Amino acid sequence: MEKSKYYVSVQARTINTQRGDAAYEFEIEAGEEELVQLQELFDSMDEFDQAGFWRSHQPFLEYSHDPENDGYDYYLKEIYRRLSDWGTEETKRHIATMDVGSM
Numbered sequence: 002m003e004k005s006k007y008y009v010s011v012q013a014r015t016i017n018t019q020r021g022d023a024a025y026e027f028e029i030e031a032g033e034e035e036l037v038q039l040q041e042l043f044d045s046m047d048e049f050d051q052a053g054f055w056r057s058h059q060p061f062l063e064y065s066h067d068p069e070n071d072g073y074d075y076y077l078k079e080i081y082r083r084l085s086d087w088g089t090e091e092t093k094r095h096i097a098t099m100d101v102g103s104m
């Protein structure tokens, strides 16, 4: 399977083919299948983010009893794990310094 370089922003949840298209945090080398997986992870994280927004308007709900935040955290960790797997050496080093496992 042929792989190409992509420029990914976790904050903006974007995947670009050109370095100058938008701001990005990470550079990866991925094939079409990996891109689909990454987009699905972004979509799932976004669903939990939206659910968490509505949940935040309910007073007196503790964070520890918040499946929306748990889901968001799970997908965020998965995204960083995949970016580390598919990333350039610089991306791998950067993610390693982030200590994502402790999130």
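The numbering of the sequence shown is the numbering used here, which starts it at 2 and goes up by one.
Heads up, the beta-carbon is just placed ideally off N, CA and C, and yes, glycines get one too.
Just so it is clear, the structure is predicted and the values come from calculations on it, not from any experiment.
Original post:
With burial defined as no fewer than 16 other Cβ atoms inside 10 Å of the residue's Cβ, what is the status of residue 37: buried or exposed?
Top reply: Against the sequence shown, residue 37 aligns to sequence position 36. Classification of residue 37: exposed, given that the 10 Å Cβ count is below 16.
Original post:
Quick one, are the C-beta atoms of residue 42 and residue 80 less than 7 Å apart?
Top reply: Within the sequence shown, the letter at position 41 stands for residue 42. Within the sequence shown, the letter at position 79 stands for residue 80. A contact, by the Cβ cut-off of 7 Å.
**OP:** Give the secondary structure of residue 92 by DSSP, where H, G and I count as helix, E and B as strand, and everything else as coil.
**Re:** For the purposes of this step, residue 92 is identified with residue 91 of the sequence shown, where counting begins at 1. Residue state, collapsed to three classes: helix.
Original post:
Rounded to a whole number of angstroms, what is the C-alpha to C-alpha distance between residue 85 and residue 18?
Top reply: Taking the first residue of the sequence shown as position 1, residue 85 is located at position 84. Taking the first residue of the sequence shown as position 1, residue 18 is located at position 17. Roughly 18 Å between the two C-alpha positions.
Subject >> Counted within 10 angstroms of its Cβ, other Cβ atoms place residue 2 as buried (16 or more) or exposed >> reply: Position 1 of the sequence shown holds residue 2. Using a 10 angstroms sphere on the CB of residue 2, the tally of other CB atoms stays under 16, which defines it as exposed.
**OP:** For residue 98, name the three-state secondary structure that DSSP assigns.
**Re:** Sequence index remark: in the sequence shown, residue 98 carries index 97 (1-based). Residue 98 falls in the helix class under three-state DSSP.
**OP:** Would you kindly work out how many angstroms separate the C-alpha atoms of residue 51 and residue 44, rounded to a whole number?
**Re:** Within the sequence shown, residue 51 is the residue found at index 50, counting from 1. Within the sequence shown, residue 44 is the residue found at index 43, counting from 1. Answer to the nearest angstrom: the Cα atoms are 11 Å apart.
Original post:
Got a sec? Which residues, its chain only, sit under 8 Å from residue 33 by beta carbon, not counting five neighbours each side?
Top reply: One-based indexing of the sequence shown puts residue 33 at position 32. Excluding positions up to five away in sequence, the list reads 2.
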